[in-house]
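Line by line, the protein sequences are chains A and B. Quick note: the first sequence uses the numbering used here, first residue 1, plus one each step. Quick note: the second sequence uses the numbering used here, first residue 1001, plus one each step. Here a beta-carbon is modelled for each residue, glycine too, at the ideal position from N, C-alpha and C. Down below is the structure, laid out as structure tokens.
2 protein chains.
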Amino acid sequence: MKLFKAKPIDIEAGEPIVIMNPQDTAELGIREMDRVHVEIHGKNVVAIVQESKTMVAPGEVGVILKLQEDLNLIDEEQVNIKPAQRPQSIELIKKKMDNLELSTDEIYMIVHDMANRNLSKAEIASYITAVYVNGMNMRETKDLTMAMVESGETINFGDRDVFDFHSVGGCPGNKITPIIVPIVAASGLLIPKTFSRAISSAAGSADIMESICNVTLTVENIRQITLEVGGVLAWGGAVRLAPVDDILINVEYGLTVDPHSQVLASIMSKKKAVGAKHLLLDIPTGHGTKAPDEETARKLARDFIGLGEEIGINVECALTYGGQPIGRAIGPALEAAEAIAILEGTTGPRSVLEKALSLSGIILEMGGVTRNGYDEAASILKSGRALEKFRQIVEAQGGKENITASDAPIGQYNKQVMADKSGYVNFIDNRSVVKIAREAGAPYDKGAGLLIAKKGGQPVEKDEVIYTIYAEHERKLKLAESLARRLRPVRVENMVLDRIPMIKKL
Amino acid sequence: MKLFKAKPIDIEAGEPIVIMNPQDTAELGIREMDRVHVEIHGKNVVAIVQESKTMVAPGEVGVILKLQEDLNLIDEEQVNIKPAQRPQSIELIKKKMDNLELSTDEIYMIVHDMANRNLSKAEIASYITAVYVNGMNMRETKDLTMAMVESGETINFGDRDVFDFHSVGGCPGNKITPIIVPIVAASGLLIPKTFSRAISSAAGSADIMESICNVTLTVENIRQITLEVGGVLAWGGAVRLAPVDDILINVEYGLTVDPHSQVLASIMSKKKAVGAKHLLLDIPTGHGTKAPDEETARKLARDFIGLGEEIGINVECALTYGGQPIGRAIGPALEAAEAIAILEGTTGPRSVLEKALSLSGIILEMGGVTRNGYDEAASILKSGRALEKFRQIVEAQGGKENITASDAPIGQYNKQVMADKSGYVNFIDNRSVVKIAREAGAPYDKGAGLLIAKKGGQPVEKDEVIYTIYAEHERKLKLAESLARRLRPVRVENMVLDRIPMIKKL
Chain A
1 MKLFKAKPID IEAGEPIVIM NPQDTAELGI REMDRVHVEI HGKNVVAIVQ
51 ESKTMVAPGE VGVILKLQED LNLIDEEQVN IKPAQRPQSI ELIKKKMDNL
101 ELSTDEIYMI VHDMANRNLS KAEIASYITA VYVNGMNMRE TKDLTMAMVE
151 SGETINFGDR DVFDFHSVGG CPGNKITPII VPIVAASGLL IPKTFSRAIS
201 SAAGSADIME SICNVTLTVE NIRQITLEVG GVLAWGGAVR LAPVDDILIN
251 VEYGLTVDPH SQVLASIMSK KKAVGAKHLL LDIPTGHGTK APDEETARKL
301 ARDFIGLGEE IGINVECALT YGGQPIGRAI GPALEAAEAI AILEGTTGPR
351 SVLEKALSLS GIILEMGGVT RNGYDEAASI LKSGRALEKF RQIVEAQGGK
401 ENITASDAPI GQYNKQVMAD KSGYVNFIDN RSVVKIAREA GAPYDKGAGL
451 LIAKKGGQPV EKDEVIYTIY AEHERKLKLA ESLARRLRPV RVENMVLDRI
501 PMIKKL
Chain B
1001 MKLFKAKPID IEAGEPIVIM NPQDTAELGI REMDRVHVEI HGKNVVAIVQ
1051 ESKTMVAPGE VGVILKLQED LNLIDEEQVN IKPAQRPQSI ELIKKKMDNL
1101 ELSTDEIYMI VHDMANRNLS KAEIASYITA VYVNGMNMRE TKDLTMAMVE
1151 SGETINFGDR DVFDFHSVGG CPGNKITPII VPIVAASGLL IPKTFSRAIS
1201 SAAGSADIME SICNVTLTVE NIRQITLEVG GVLAWGGAVR LAPVDDILIN
1251 VEYGLTVDPH SQVLASIMSK KKAVGAKHLL LDIPTGHGTK APDEETARKL
1301 ARDFIGLGEE IGINVECALT YGGQPIGRAI GPALEAAEAI AILEGTTGPR
1351 SVLEKALSLS GIILEMGGVT RNGYDEAASI LKSGRALEKF RQIVEAQGGK
1401 ENITASDAPI GQYNKQVMAD KSGYVNFIDN RSVVKIAREA GAPYDKGAGL
1451 LIAKKGGQPV EKDEVIYTIY AEHERKLKLA ESLARRLRPV RVENMVLDRI
1501 PMIKKL
């Protein structure tokens, strides 16, 4: 134990770091990544040591923002520093590296240490890598899921049946959520839908809805609006529902890996935390999606259903076609407009309509509303009840009253891209479409994106418009145009090779 | 591309980090862990993005010390920021996670990115975890070793045969290096010995030698002294010999793992860089060492010999007994004194003497000096030539002229620990001995440590001294005493169970 002068350092770090001079660490017999107890005012925190010769002199210890708060530290006070044990989680991560099964207690301990920010990013990266390589069995995955749920807040709807829906993702233009939720809510079922923002895509459901209303709600908002209106469309990142998931996803993103058991636990923990009892999972399959072939998709479905049984959620899965963009619009406001137009009864793209009605229909059947869900969903939509429900949700979330498709703030700059020959559209590359929309500003610029005029299998004449790029800034439009010239996301060939059915039902 | 006001931030980070406001990262469509190009003055560096709401305002970018230098940045200048590709190494790490063999080019690329600090600690942790779980074959290990060699400086002794020696470690009190090097040098062979400081032990060779002379030498010092005197005893961490090794060892330490192929590459790259053509490897086996059983030790030996063949180093291995401390002294100055006393011809502990002569002898035989290395080594020692050579080395490294055992600065505070009954010493716990020496201040306090009076198999009377604790500070002596009472590192029993031979020759 030694006294140090605390030097407040205004770093926000995801890790509880103290910064020490190498001379002091040598004297204390510790190194970078070791832990120390920091004591002052009767408070004691465990921090991870980082060394610096320039930030702190010998005898000083740099204390980052979060720890300053935890310790009630006021400027240069004296703190006690002494070596501490490492979290036991580090041994448990090594156990997973050695391909051993982790017990329930061990998994809870790892999740607890992550939730309390006791682990460094390097340690979490090692955990993710070990789980990626060695996997987890269903018992471990169940414990992981429940530990993640218990690491944060949960919403309780009491005895009410609660429904939820999730798209596993990987397919651009998938704006079905703002159509499904109001249909389901209009049928009388509760559906508190939370979702994420785009990470590598052009628009997540949160970005789409945020172009027309507020999505940053509290847990109590979500509960209230769901009970009052029947449904909600909220950003999951704003609430502490299974917050460990956000820590893990950040590191996974850095490493570009998605361990299978972590994907299962990630999705299911959010659903459990929101109080869902019935879940429909949309698993798009096809080139460029997370389940590129049907076998992978079916395996994923089985695992979700199995995990659901373990944690008390009744899961059904729909394998859907995701080989080309869903609908014509890619980008937040463009997708919002397309979804609202469909709710308004405008003849929108058949792929969006069919997918939304099929999936809504399955939920209605799961909820015992009808035995013919598709037709019932179509009837709710046609009657205008879905549009009305959507408007109620948007208003409850601080959006415009009686919103219409034309209210979506689409970028004022646009550029039409023409076919350079006649033929058929035989391939639309999901990844290129997303890259162009992002170059145009999506998802940050809500009005940016792409509107596809001709989709797979459609005939096209030379100089006909095949798609239009939208942007909020002229400079970004130019950048997107130039990228589009290089990527050529829509391939026009002289012959249709095949016509692929839009929807596969389970 | 966007212009930002650069805000110099005096953080030393092992990673090339820029700090950005989340608003800006959202607009650029990037996240934490993504890379950006930072451009100014015609210079361009790639940095890893970290987000902070408090350190930088929107429109500002925080630039850490190393990048300020790389960019010649003077206070708040305007820099260009645009998204950059991630290093390809991240894909290659994923390839190793997927248990695929990495090509020569791929391994060089990973090492290059580490050497240039292009990878975050989390990414390096993921690499180490993947290599730990999936391993590397001999071809990959060879490429890894050579890539690590080529990442730093190398020493060239031209046509001269160069010898080296390395203890794989895990055994306390192993002060044979300061005895072996002068014997070998006195025989006319060149032995430029570099070594590390203690990490978790009570004294590395660097700590032992540092108690009596300077060990922080340059590459040119090491070459000159070796050519002039025949040998050198230098700290490897001060020179850029296979510097990637130091980066990896830091992260391995944090994760408490030593991937097998990384251990091989780590040791052999340092030897190759120093110009060694012949290497004797000491592999202690026994409870608490890195090779706890003989089978593990033999496997390790085979792998080192195989890797040596691949990279042009003639390797021999000696499996040695490491089940209890070597000699009686534990701690930098205590070990220096014990080693010098042996060079002076004092009857020191048989275990140290035998081990040093056996190993020196093997090196003399490898060098063709004699066919009976043990006797030749003993004769060099007895003649006083080894002591004279040791004194030359110490002087060349700035130490005292004609150094003697009594020059080693042993701590002024000491406490004798007595046997509480009569019997035989039947077990000395390596780990407890090290913990007590460290509590007393070793390796930072050079004079701190333990002197064991009674070793395994020796009879002891009640109230006889079994060991003495030394410290430079009274406070630390008290702490070590109290730890010693709890750990009881030397067990006295009523009967000797067995007497274990000190040395096993290969």
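query = Excluding five sequence neighbours on each side, which residues of the same chain lie with their C-beta closer than 6 Å to the C-beta of A:Ile-64?
reply = As a position in the first sequence, residue 64 of chain A is number 64, starting the count at 1. Result list for A:Ile-64: Ile-9, Ile-11, Ala-13, Ile-17, in chain order.
B:Thr-1468 at chain A interface by Cβ criterion, 8 Å = Taking the first residue of the second sequence as 1, we reach residue 1468 of chain B at position 468. No, B:Thr-1468 lies away from the interface with chain A (no Cβ there is under 8 Å from its Cβ).
key: Complete runs of the beta strand (DSSP E) confined to the region 394-436 of chain A [at least 3 residues]   = 413-418, 423-428
task = Taking C-beta pairs closer than 7 Å, name the residues in chain A that B:Ser-1508 reaches, listed in chain order.
result = Absent from the model: residue 1508 of chain B. The displayed extent of chain B is 1001 to 1506, so no value can be given.
message = Is it buried or exposed, B:Thr-1025, if we count other Cβ atoms within 10 angstroms and call 16 or more buried?
response = Locating residue 1025 of chain B in the second sequence gives position 25, counting from the first residue. Buried, since its Cβ has 16 or more Cβ neighbours within 10 Å.
key: Buried/exposed call for B:Pro-1459, threshold 16 Cβ in 10 Å   = As a position in the second sequence, residue 1459 of chain B is number 459, starting the count at 1. By the 10 Å Cβ count, B:Pro-1459 comes out exposed.
ask   = How about B:Gly-1322 and B:Pro-1349: are their beta carbons less than 8 Å apart?
value = Along the second sequence, read from residue 1 onward, the residue named residue 1322 of chain B stands at position 322. Along the second sequence, read from residue 1 onward, the residue named residue 1349 of chain B stands at position 349. No, the Cβ-Cβ distance between B:Gly-1322 and B:Pro-1349 is not below 8 Å.
message = Here's the rule I'm using: 16 or more other beta-carbon atoms within 10 Å means buried, otherwise exposed. How should A:Asp-498 be labelled?
response = Mapped onto the first sequence, residue 498 of chain A falls at position 498. Residue placement at A:Asp-498 is flagged as unreliable, the pLDDT there being 38, under the threshold of 50; the coordinate-derived value follows with that caveat. A:Asp-498 is exposed by the Cβ-count criterion.
ask   = Comparing alpha-carbon positions, which option in A:Asn-430, A:Ala-419, A:Leu-450 lies nearest A:Ala-329?
value = Here residue 329 of chain A refers to the residue found at position 329 of the first sequence. Nearest of A:Asn-430, A:Ala-419, A:Leu-450 to A:Ala-329, Cα basis: A:Leu-450.
Contact check, A:Ala-273 vs A:Gly-152, beta carbons under 8 Å = Along the first sequence, read from residue 1 onward, the residue named residue 273 of chain A stands at position 273. Along the first sequence, read from residue 1 onward, the residue named residue 152 of chain A stands at position 152. Yes, the Cβ-Cβ distance between A:Ala-273 and A:Gly-152 is below 8 Å.
request  = Starting from the Cα of B:Ala-1509, find the closest Cα among B:Leu-1100, B:Ile-1183, B:Asp-1070, B:Gly-1059 and give me that residue.
outcome  = Look at the range of chain B in this structure, 1001 to 1506, and you will see that residue 1509 of chain B is not part of it.
ask   = Comparing alpha-carbon positions, which option in B:Glu-1123, B:Thr-1145, B:Gly-1236, B:Ser-1383 lies nearest B:Ile-1313?
value = Along the second sequence, one-based indexing puts residue 1313 of chain B at 313. It is B:Thr-1145.
ask   = How about B:Arg-1240: is its C-beta nearer than 8 Å to some C-beta of chain A?
value = Walking along the second sequence from the start, residue 1240 of chain B turns up at place 240. Not an interface residue.
ask   = Going along the region 240-269 of chain A in order, which residues come within less than 7 Å of chain B, judged by CB to CB distance?
value = Asn-250, Val-251, Tyr-253, Gly-254, Leu-255, Thr-256, Val-257
ask   = If we count the other Cβ atoms within 10 Å of its Cβ and call it buried at 16 or more, is B:Ser-1120 buried or exposed?
value = On the second sequence, residue 1120 of chain B is found 120 positions in, with the first residue counted as 1. When all chains shown are included, B:Ser-1120 counts as buried.
task = Given a cut-off of 8 Å, decide if A:Val-417 and A:Ile-466 are closer than it, judged by their beta-carbon atoms.
result = The sequence position of residue 466 of chain A within the first sequence is 466, counting from 1. The sequence position of residue 417 of chain A within the first sequence is 417, counting from 1. Yes.
message = So if DSSP puts B:Glu-1027 in a beta bridge, which residue, or which two residues, is it bridged to?
response = For the purposes of this step, residue 1027 of chain B is taken as residue 27 along the second sequence, with counting starting at 1. Answer is none; B:Glu-1027 lacks a bridge partner.
request  = With a floor of 4 residues, list each alpha helix (DSSP H) that falls wholly inside the region 57-116 of chain A, ordered by position along the chain.
outcome  = 65-70, 89-97, 104-115
key: Sequence-distant residues of its chain with Cβ nearer than 6 Å to B:Leu-1191 (five each side left out)   = The residue given as residue 1191 of chain B occupies position 191 in the second sequence. The displayed chain sequence assigns Ile, not Leu, to residue 1191 of chain B. Same-chain partners within the cutoff: Phe-1163, Val-1181, Val-1184, Ala-1185, Gly-1231.
inquiry  = Report the start-end ranges of each beta strand (DSSP E) in the region 249-326 of chain A that is 3 residues or longer and not cut off at the edges.
reply    = 278-285, 314-321
Coarse secondary structure for A:Val-133, derived from DSSP in three states = Working through the first sequence from its first residue, we reach residue 133 of chain A at position 133. Helix at A:Val-133.
inquiry  = I need the boundaries of the alpha helix (DSSP H) containing A:Ile-362, first residue and last residue.
reply    = For this step, residue 362 of chain A is matched to residue 362 along the first sequence. First-last of the alpha helix (DSSP H) with A:Ile-362: 350-366.
query = Secondary structure at B:Gly-1230, three-state DSSP: helix, strand or coil?
reply = Translated into positions along the second sequence, residue 1230 of chain B becomes position 230. DSSP places B:Gly-1230 in coil when its eight states are reduced to three.
Separation of A:Leu-307 from A:Asp-159, as counted between CA atoms = Residue mapping note: residue 159 of chain A aligns to position 159 of the first sequence, counting from 1. Residue mapping note: residue 307 of chain A aligns to position 307 of the first sequence, counting from 1. The alpha-carbon atoms of A:Asp-159 and A:Leu-307 are separated by roughly 22 Å.
key: Pairwise C-alpha distance: B:Thr-1054 and A:Ile-19   = Within the first sequence, numbered from 1, the residue matching residue 19 of chain A stands at position 19. Within the second sequence, numbered from 1, the residue matching residue 1054 of chain B stands at position 54. Their Cα atoms are separated by approximately 18 Å.
query = Which chain B residues are close to A:Lys-478, counting only those with a beta carbon under 7 Å from its beta carbon?
reply = Reading the first sequence from its first residue, position 478 is the one you call residue 478 of chain A. Residues of chain B passing the Cβ test: none, with the nearest at roughly 12 Å.
query = A:Ser-167 versus chain B: which residues are under 8 Å apart at the beta carbon?
reply = Numbered from 1 along the first sequence, position 167 holds the residue referred to as residue 167 of chain A. Within 8 Å Cβ-Cβ: nothing; A:Ser-167 doesn't reach chain B, min ~21 Å.
request  = Indicate whether A:Ile-428 and A:Gln-324 have their beta-carbon atoms separated by less than 8 Å.
outcome  = Indexing the first sequence from 1 puts residue 428 of chain A at position 428. Indexing the first sequence from 1 puts residue 324 of chain A at position 324. A:Ile-428 places its beta carbon less than 8 Å from that of A:Gln-324.
inquiry  = Less than 8 Å between C-beta atoms, sequence neighbours within five positions excluded: which residues of the same chain meet that for B:Arg-1491?
reply    = Counting from one through the second sequence, the residue named residue 1491 of chain B turns up at place 491. Same-chain partners within the cutoff: Val-1425, Asn-1426, Phe-1427, Ile-1428, Asp-1429.
message = Any beta carbon from chain B within less than 8 Å of A:Val-18's own beta carbon?
response = For the purposes of this step, residue 18 of chain A is identified with residue 18 of the first sequence, where counting begins at 1. So, not an interface residue.
inquiry  = To the nearest angstrom, how far is the alpha carbon of B:Ile-1155 from that of B:Leu-1264?
reply    = Your numbering for residue 1155 of chain B matches position 155 in the second sequence. Your numbering for residue 1264 of chain B matches position 264 in the second sequence. Cα to Cα, the separation comes out at about 20 Å.
Top-ranked residue by Cα proximity to B:Gly-1447, from B:Ala-1301, B:Gly-1135, B:Ala-1202 = Residue numbering aside, residue 1447 of chain B sits at position 447 when the second sequence is read from its first letter. Nearest of B:Ala-1301, B:Gly-1135, B:Ala-1202 to B:Gly-1447, Cα basis: B:Ala-1202.
query = Is A:Gly-237 helix, strand or coil when you go by DSSP?
reply = Mapped onto the first sequence, residue 237 of chain A falls at position 237. A:Gly-237 falls in the helix class under three-state DSSP.
message = Considering just the uninterrupted stretch of the alpha helix (DSSP H) at A:Leu-381, what are its terminal residues?
response = Start at 1 with the first residue of the first sequence, and residue 381 of chain A comes out as number 381. Unbroken alpha helix (DSSP H) run through A:Leu-381: 373-382.
Anticipated Cβ contact below 8 Å, A:Lys-7 with A:Glu-60, distance rounded = Looking up residue 7 of chain A in the first sequence gives position 7. Looking up residue 60 of chain A in the first sequence gives position 60. With a Cβ gap of about 5 Å, A:Lys-7 and A:Glu-60 count as contacting.
task = Find the nearest neighbour of A:Gly-29 within the set B:Val-1369, B:Ala-1442, B:Ala-1480, B:Arg-1475, judged by alpha-carbon distance.
result = Walking along the first sequence from the start, residue 29 of chain A turns up at place 29. The option with the nearest alpha carbon to A:Gly-29 is B:Ala-1442.
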